[in-house]
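Residue numbers (the numbering used here), protein chains in the order written: chain A, -10 to 275; chain B, -18 to 134. Glycine is no exception: its CB is placed at the ideal position from the N, C-alpha and C atoms. See below for the structure under consideration.
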């Protein structure tokens, strides 16, 4: 079965050029439109495998159309076709979730190569899925053992869709790079208090000191785990944000755009929940 | 934190929310707060990393969050703040913060990227931001109160 493509561009001439280039390369153009209004309906009816999107259009620009399309179907595969090629345009497209970029005037072979890449299995991402949880577990075990002098063993949780309820203190760290992701570490206030005491060799002075200790521990674990992953494959180029800390209640924690791999680290001081996940997309730039 | 640093975030809210079904985006107040804040309902966490680093938190009470998500879903009635509503609010945060990165690049704060959103849902919780002081912006979005905390350095 042929690969179906939909072309979004405000210029009839550009649509013709792109359509011809696609047809010549053996793709089936299932729809052409120049407006946001028509875009969603046409997409839902013609169900294309790929959408090529012009960036500068009157009324709604390609970014707005891409956002609308991804809200309608988060799995939509959009390739931006634009005469503009500057870093910020590319960066914004990546942040929105556009998967590929081709410069205008569109060259049939170049466009075909981007389409093939967008549709190919993303091996770098699959590899990260395998690497990530192991690296974070290793970083957690090493550092908790070294700092709090307690052995660490892990129980894997296969049930990744269930919402997680915080035990008391949650550390959330954002990750950016080739793929963006999140690390989540959660433990009870009692466990955190005991770990803080073991690290400080005295009881913690108060809640603030305990939270600061968990934040620092999370920071170290995420930083070390990401360096370990970058060392194995430097294309990941992962970087971490400073930690946000959540505490004082038993909140439900959800991460709607990321499937978290989870595990529970058991220590002498109680359990530490660890969740790590990355978001697929935005990697194929020609 | 310099108050001028929140302008890109104000622009991002004003630019994105009308695209996802809201008519009136009003900034009600801006204030400086300490690093620990209270929340009751939902709090969306999105990290920003690049030449500046930190976090943007978007908070609403549960009822407001349901109304907000419902508006994003063409007025669909929501009895619960369910998975679909959680995803809608997260997507809004993602779109606004992605656009804020673009707005920052216009004032020469470049190379920013954002993490996927994490959503906390709970009553009477606290959050500690990784900065000494944060700025809080109170928005009224089609009369729905939305609190945004900006902790960037």
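In chain order, what residues of the same chain have a beta carbon less than 8 Å from the beta carbon of residue i, not counting five sequence neighbours either side?
| i | result |
| --- | --- |
| residue 154 of chain B | As shown, chain B starts at -18 and ends at 134. That puts residue 154 of chain B outside it, with no answer to give. |
| residue 45 of chain B | 22, 125, 126 and 127 |
| residue 77 of chain A | none |
| residue 244 of chain A | 171, 173, 264 and 266 |
| residue 168 of chain B | Lying before the first or after the last residue shown, residue 168 of chain B is absent from chain B, which here runs from -18 to 134. |
| residue 256 of chain A | 133, 137, 139, 140, 141, 180 and 184 |
| residue 4 of chain A | -4, -2, 21 and 23 |
| residue -2 of chain B | 6, 73, 77 and 122 |
Sorted by chain position, which residues of the same chain lie with C-beta nearer than 6 Å to residue i's C-beta, five sequence neighbours on each side aside?
| i | result |
| --- | --- |
| residue 232 of chain A | 160, 162, 204, 207 and 208 |
| residue 261 of chain A | 176 and 254 |
| residue 188 of chain A | 136 and 137 |
| residue 92 of chain A | 74 |
Measuring only between beta-carbons, confirm whether residue i sits less than 8 Å from chain A.
| i | result |
| --- | --- |
| residue 116 of chain B | no |
| residue 32 of chain B | no |
| residue 72 of chain B | yes |
| residue 111 of chain B | yes |
| residue 94 of chain B | yes |
| residue -12 of chain B | no |
| residue 102 of chain B | yes |
| residue 56 of chain B | no |
| residue -1 of chain B | no |
| residue 75 of chain B | yes |
| residue 97 of chain B | yes |
Below 8 Å between beta carbons: does that hold for residue i and residue j?
| i | j | result |
| --- | --- | --- |
| residue 95 of chain A | residue 69 of chain A | no |
| residue 32 of chain B | residue 90 of chain B | yes |
| residue 110 of chain B | residue 36 of chain B | yes |
| residue 108 of chain B | residue 234 of chain A | yes |
| residue 229 of chain A | residue 211 of chain A | yes |
| residue 67 of chain A | residue 103 of chain A | no |
| residue 122 of chain A | residue 252 of chain A | yes |
| residue 239 of chain A | residue 103 of chain B | yes |
| residue 11 of chain A | residue 19 of chain A | no |
Give a yes or no on whether the minimum CB-CB distance between residue i and chain B is below 8 Å.
| i | result |
| --- | --- |
| residue 143 of chain A | no |
| residue 296 of chain A | Outside the shown range of chain A (-10 to 275) lies residue 296 of chain A, about which nothing can therefore be said. |
| residue 262 of chain A | no |
| residue 165 of chain A | yes |
| residue 247 of chain A | yes |
| residue 276 of chain A | The shown model of chain A, from -10 to 275, leaves out residue 276 of chain A, and the question about it has no answer. |
Quick one: is residue i buried, meaning 16 or more other Cβ sit within 10 Å of its Cβ, or exposed?
| i | result |
| --- | --- |
| residue 1 of chain A | exposed |
| residue 83 of chain B | buried |
| residue 192 of chain A | exposed |
| residue 157 of chain A | buried |
| residue 155 of chain A | buried |
| residue 109 of chain A | exposed |
| residue 26 of chain B | buried |
| residue 144 of chain A | exposed |
| residue 220 of chain A | exposed |
Looking only at its chain, what residues have a beta carbon closer than 7 Å to the beta carbon of residue i, apart from the 5 residues adjacent to it on each side?
| i | result |
| --- | --- |
| residue -4 of chain B | 80 |
| residue 246 of chain A | 268 |
Touch test, the stretch 42 to 56 of chain A against the stretch 44 to 62 of chain B, Cβ-Cβ under 8 Å, three pairs minimum: no
Taking one C-beta from the stretch 21 to 36 of chain A and one from the stretch 111 to 131 of chain A each time, how about it: are there three or more such pairs within less than 8 Å? no
Return the residues of the stretch 213 to 230 of chain A that lie within a Cβ-Cβ distance of less than 9 Å from chain E, sorted by chain order. You won't find chain E in this structure, because its protein chains are A and B.
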